[in-house]
Every structure is written in C-alpha cells, then in structure tokens.
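Residue numbers (the working numbering): 116 to 181.
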Amino acid sequence: MESRFTAVFQKTDKWWIAFVEELPGANAQGETIDEAELILESNRELSEREFAGKDVIREELKIAVS
C-alpha cells in the first residue's frame with residue numbers, strides 16, 4: 116500500500132520551511148529545499164523504525180481538498 120501526502124515548501128529569508136498538509140506537526144526546515152525534503156523523509160523513516168514489529172494499524176486516509 117502506498118500513501119500519498121502533500122509536502123509544502125516555502126522560502127523564507129534564509130531557510131526553506133516544509134510541512135505535510137495532511138499531517139499536523141510533520142514539518143522541517145533546511146537551508147535548501149533539498150535539505151528540507153531530506154529531513155521530512157528522515158522523519159518518515161524514523162517513524163517506520165519506531166513502530167517496526169509493533170502491533171499497529173496503518174490506514175490510508177482520504178481527505179477532501181477544496
């Protein structure tokens with residue numbers, strides 16, 4: 116199963132900030148857009164490791180966007 120989410124990147128004076136619209140609190144920042152994206156990906160991998168082998172339920176959520 117593959118889940119799809121929307122990553123939003125915004126340039127500030129010195130940083131790129133990034134967040135995932137569908138996941139409040141899933142955010143990152145980096146000096147480049149690539150660095151911010153890498154941090155979001157690293158956070159996802161950390162979450163996968165945290166719950167590996169544990170009894171969890173993963174569900175795909177459908178969110179209407181208007």
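Glycine is no exception: its CB is placed at the ideal position from the N, C-alpha and C atoms.
In the DSSP assignment, the beta strand (DSSP E) including residue i goes from what residue to what residue?
i    : result
A122 : 122 to 126
Apart from the five residues on each side of it in sequence, which residues of its chain come closer than 8 Å, Cβ to Cβ, to residue i?
i    : result
D170 : none
E146 : K129, W130, W131
Going by Cα to Cα distance, which pick from the options is closest to residue i?
i    : options                : result
A143 : E137, F120, A133       : A133
N158 : T127, E174, I172, V135 : V135
On the criterion of 16 or more Cβ atoms from any shown chain inside 10 Å, does residue i qualify as buried, or is it exposed?
i    : result
A167 : exposed
L184 : The requested residue 184 is not part of the displayed model; the chain covers only 116 to 181.
Since residue i is in the alpha helix (DSSP H), which residue starts that stretch and which ends it?
i    : result
A151 : 148 to 166
Let me check one thing: in DSSP terms, what residues is residue i bridge-paired to?
i    : result
G145 : W131
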